[in-house]
Structures are given as structure tokens and as C-alpha cells.
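Novice: Sharing a structure below in C-alpha cells format, with a few things to ask.
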Amino acid sequence: YMPGGSGTAEAGGVPDFILVVVYDQSEQRRLERMRSDFIANASHELRTPLASLSGFIETLQGPAKNDADARDRFLGIMHEQASRMRRLIDDILSLSRIEMKANVKPSDSVDLAEIVRHSADALAPLGRELDVEIETRLPELAATVRGDRDELIQVTENLIENAMKYGGSGKRVEVSVARSSGNGSAGWCLCVRDFGEGIAAEHLPRLTERFYRVDVASSRTLKGTGLGLAIVKHILTRHRARLEIVSKPGEGAAFSVHFPA
Ligand code: ADP
Numbered sequence: 174y175m176p177g178g179s180g181t182a183e184a185g186g187v188p189d190f191i192l193v194v195v196y197d198q199s200e201q202r203r204l205e206r207m208r209s210d211f212i213a214n215a216s217h218e219l220r221t222p223l224a225s226l227s228g229f230i231e232t233l234q235g236p237a238k239n240d241a242d243a244r245d246r247f248l249g250i251m252h253e254q255a256s257r258m259r260r261l262i263d264d265i266l267s268l269s270r271i272e273m274k275a276n277v278k279p280s281d282s283v284d285l286a287e288i289v290r291h292s293a294d295a296l297a298p299l300g301r302e303l304d305v306e307i308e309t310r311l312p313e314l315a316a317t318v319r320g321d322r323d324e325l326i327q328v329t330e331n332l333i334e335n336a337m338k339y340g341g342s343g344k345r346v347e348v349s350v351a352r353s354s355g356n357g358s359a360g361w362c363l364c365v366r367d368f369g370e371g372i373a374a375e376h377l378p379r380l381t382e383r384f385y386r387v388d389v390a391s392s393r394t395l396k397g398t399g400l401g402l403a404i405v406k407h408i409l410t411r412h413r414a415r416l417e418i419v420s421k422p423g424e425g426a427a428f429s430v431h432f433p434a
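Start counting the sequence shown at 174; every next residue gets the next number (UniProt numbering).
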């Protein structure tokens with residue numbers, strides 16, 4: 174800026190000050206890279222069942238055309254693959270819906286104890302199928318937090334379902350709601366604990382990454398998409414709540430959600 178001056182610095186004047194505007198694009202780039210990684214991973218995950226479906230269709234049109242046994246078996250597998258694609262698409266859409274609401278703070282009053290009761294009832298049939306009991310420990314009075322009921326049910330159900338699927342060898346899952354002792358005024362803590370195989374320490378920090386699975390084969394057979402905990406993390410971020418995962422291999426795992434006061 175050159176007061177009274179008509180020209181630029183090259184014209185001989187000396188500017189009083191120079192304004193330098195620096196845009197830090199590294200965060201922007203990181204987000205763009207994450208988005209394109211996500212699209213690549215999602216496409217890969219969808220392509221696998223799709224390739225299998227196409228393969229079976231070709232076989233049914235050709236070599237297995239008149240083989241009734243093979244047809245029934247292949248149709249069963251095709252049904253499984255189609256269900257897998259549907260689960261993936263449902264989870265991808267869930268994630269994108271939650272991301273779109275990331276900056277809107279949920280404002281309804283919800284009772285965590287009611288949410289746990291609802292989730293435990295909804296998952297009781299899966300418990301019977303996997304032979305795992307769900308035990309609840311709930312406070313007598315309402316445990317009220319600000320939140321979105323449907324999203325908090327999704328969090329609770331994802332955590333209980335994982336505990337039953339991956340920690341099922343412990344035969345029971347404990348779900349508790351209690352006052353959490355933080356600094357200052359106490360909030361609430363919702364904890365889902367299993368007594369199964371547990372998780373090795375090196376995996377713990379990566380569990381909430383999209384498509385991260387400790388054991389891909391077992392996650393596939395247990396109908397996992399690798400997106401459950403990523404969805405949990407996104408919902409909790411919107412609720413200003415914190416997820417803490419503690420596990421010792423052989424002794425099970427505990428997923429605790431701390432809600433602010
Ligand atoms: P998935 O759809 O595969 O279940 P999640 O995002 O819900 O995906 O979980 C990611 C991975 O974390 C799972 O594939 C599993 O390997 C591991 N995991 C989650 N919960 C537990 C648990 N309670 N015990 C042991 N491993 C677990």
C-alpha cells in the first residue's frame with residue numbers, strides 16, 4: 174500500500190506495508206484424499222460381491238443350466254452376496270447422512286437407560302442365535318443426555334452387536350449406564366463389555382477407521398462391513414461424546430461412551 178503513490182514498488186516507491194495472504198490447504202487436501210480413498214475402498218468392497226453374482230449368473234446360464242441341485246445352491250450364495258451389497262450400501266448411506274449433519278448439534282433429551290433397554294430387546298434374537306446373553310445394569314432414575322435418539326440407538330446396537338459377534342465366546346455381554354466421573358460436573362457413561370478374545374493393542378487406535386477390520390475373513394462371515402465403528406465415531410463426535418476402548422487379549426473388550434454433563 175503506497176499512500177498517495179500512483180504506481181507500484183517497481184515504479185520506485187516503497188510500500189508502507191505488504192499484505193500476505195496464506196491459505197493452508199493441507200487440511201483441505203487431507204479431506205480430499207480421505208474422500209477419494211473412501212470411494213476407492215467402497216467401490217472395491219462392492220465389486221467383490223458383484224463379481225461373484227455375475228460369475229454365478231453366467232454359470233447358471235451356461236454349464237449349470239439343467240442342474241437343479243447346483244441352481245439351488247448357487248441361488249443361496251447369490252442371495253447372501255446381494256444381502257452383503259445391501260448392508261454395505263445401507264452403511265455407506267448412514268455414514269454420509271451423519272456427515273451431512275456433522276455441524277448440527279442434537280438437542281433432544283434422551284434417556285440412555287431407555288435406549289439400552291430398546292437395543293437389548295432388538296438384539297435378543299441375535300443373542301439367542303449366537304448363544305450370548307445380554308445383561309443390563311441401569312440406574313433407577315433417567316440418565317438424560319442431549320442427543321438424537323435414533324443415532325444413539327444405532328451406536329448402542331452397533332456396540333452390542335460387535336460384542337456378541339466378536340466377543341461371543343465369553344457367552345455374555347454386559348451393558349451398563351452409570352455416572353461418569355470426569356473433571357468438574359459428571360456426565361453419563363454407557364459401557365458395553367464382552368468377555369471374548371479381546372483385541373490386540375496395535376489394532377485399538379485404528380478400529381474406528383472406515384473399512385478397518387482386525388480379521389477380514391471372520392468379519393465377512395459374521396456379516397460385517399467394516400463401517401460399524403466408523404459410524405459410531407461420527408455420531409459420537411456430533412454428540413461431543415468420547416469413545417474409549419480398552420481390551421486385553423483373552424479377557425474381552427470394553428467400549429465406553431462418555432457423554433458430557
Ligand atoms: P464390522 O462391520 O467388521 O463389524 P466394525 O467397524 O463394527 O466393523 O468393527 C471393526 C472391527 O473391529 C471388526 O471387524 C472386529 O475385527 C473388531 N471388533 C469390534 N468390536 C470388537 C469386539 N467387541 N471384540 C473384538 N473385536 C472387535
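Idealized CB from N, CA, C, for every residue including glycine.
1. Compute the beta-carbon to beta-carbon distance between Trp361 and Ala316, rounded to the nearest angstrom, for a pair I have assumed lies under 8 Å.
2. Count the other C-beta atoms from every protein chain shown that fall within 10 angstroms of the C-beta of Val195, then say buried if there are 16 or more, exposed otherwise.
3. Which runs of the alpha helix (DSSP H) at least 4 residues long sit entirely within the region 252-339? Give them in chain order.
4. My guess is that Phe428 and Leu416 are in contact by the Cβ rule of under 8 Å, so how many angstroms apart are they, rounded?
5. What did DSSP end up calling Leu363 once you bin it into helix, strand or coil?
6. So is Met251 in contact with chain D if we call contact Cβ pairs under 8 Å?
7. Are there any heavy atoms of ligand 1 lying less than 7 Å away from the beta-carbon of Arg345, as far as the coordinates show?
8. Given that a residue counts as buried once 16 or more other Cβ atoms are within 10 Å of its Cβ, and exposed if not, what is Ala390?
9. Since Val350 and Ala434 should fall inside the 8 Å C-beta cutoff, what is the C-beta to C-beta distance between them, to a whole number of angstroms?
10. Cα separation between Met337 and Val305?
11. Going by beta-carbon coordinates alone, are residue 133 and Ala215 separated by less than 8 Å?
12. Quick one: measure Cβ to Cβ for Leu219 and Met258, integer angstroms, because I've assumed they're closer than 8 Å.
13. When we look at the beta-carbon of Val187 and count the other beta-carbons within 10 Å, is it buried (16 or more) or exposed?
14. In terms of alpha-carbon separation, which member of Phe368, Asp367, Ile404 lies closest to Asp384?
15. Under the rule that 16 or more other beta-carbon atoms within 10 Å means buried, what is Pro422, buried or exposed?
16. Taking the alpha-carbon positions, what's the Glu334 to Glu231 distance?
17. Is Thr394 near ligand 1, in the sense that its beta carbon is under 7 Å from a heavy atom of that ligand?
18. What are the boundary residues of the beta strand (DSSP E) that Arg428 is part of?
Specialist: So, to answer that:
1. Looking up residue 361 in the sequence shown gives position 188. Looking up residue 316 in the sequence shown gives position 143. A Cβ-Cβ separation of about 5 Å places Trp361 in contact with Ala316 under the 8 Å criterion.
2. Counting from one through the sequence shown, the residue named residue 195 turns up at place 22. Result: exposed.
3. Complete alpha helix (DSSP H) runs here, min 4: 285-303, 322-339.
4. Here residue 428 refers to the residue found at position 255 of the sequence shown. Here residue 416 refers to the residue found at position 243 of the sequence shown. So it is a contact: roughly 7 Å between Cβ atoms.
5. As a working mapping, residue 363 is identified with position 190 in the sequence shown. In this structure, DSSP gives Leu363 an extended state, which the three-state scheme calls strand.
6. Reference to chain D is not applicable here, since this structure consists of a single protein chain.
7. In the sequence shown, counting from the first residue as 1, residue 345 sits at position 172. Result no, Cβ not under 7 Å from ligand 1.
8. For the purposes of this step, residue 390 is taken as the residue at position 217 of the sequence shown. It counts as exposed.
9. One-based indexing of the sequence shown puts residue 350 at position 177. One-based indexing of the sequence shown puts residue 434 at position 261. Going by Cβ atoms, the distance from Val350 to Ala434 rounds to 15 Å, so no, they are not a contact pair.
10. In the sequence shown, residue 337 corresponds to position 164, counting from 1. In the sequence shown, residue 305 corresponds to position 132, counting from 1. Spanning the alpha carbons of Met337 and Val305 requires a straight line of approximately 6 Å.
11. With the chain represented from 174 up to 434, any question about residue 133 goes unanswered, as that position is not in the structure.
12. The residue you call residue 219 lines up with position 46 of the sequence shown. The residue you call residue 258 lines up with position 85 of the sequence shown. Leu219 to Met258, Cβ: 6 Å. Contact.
13. Reading the sequence shown from its first residue, position 14 is the one you call residue 187. Exposed, by the Cβ-count rule.
14. Within the sequence shown, residue 384 is the residue found at index 211, counting from 1. The question names Asp, but residue 384 is Phe in the sequence shown. Taking each of Phe368, Asp367, Ile404 in turn and checking the Cα distance to Phe384, the smallest one comes out for Ile404.
15. The sequence position of residue 422 within the sequence shown is 249, counting from 1. By the 10 Å Cβ count, Pro422 comes out exposed.
16. Your numbering for residue 334 matches position 161 in the sequence shown. Your numbering for residue 231 matches position 58 in the sequence shown. A straight-line Cα-Cα distance of about 36 Å links Glu334 and Glu231.
17. As a working mapping, residue 394 is identified with position 221 in the sequence shown. Thr394: no, Cβ never under 7 Å from ligand 1.
18. For the purposes of this step, residue 428 is taken as the residue at position 255 of the sequence shown. Reading off the sequence, residue 428 comes out as Phe, not Arg. That run of the beta strand (DSSP E) goes 426-432.
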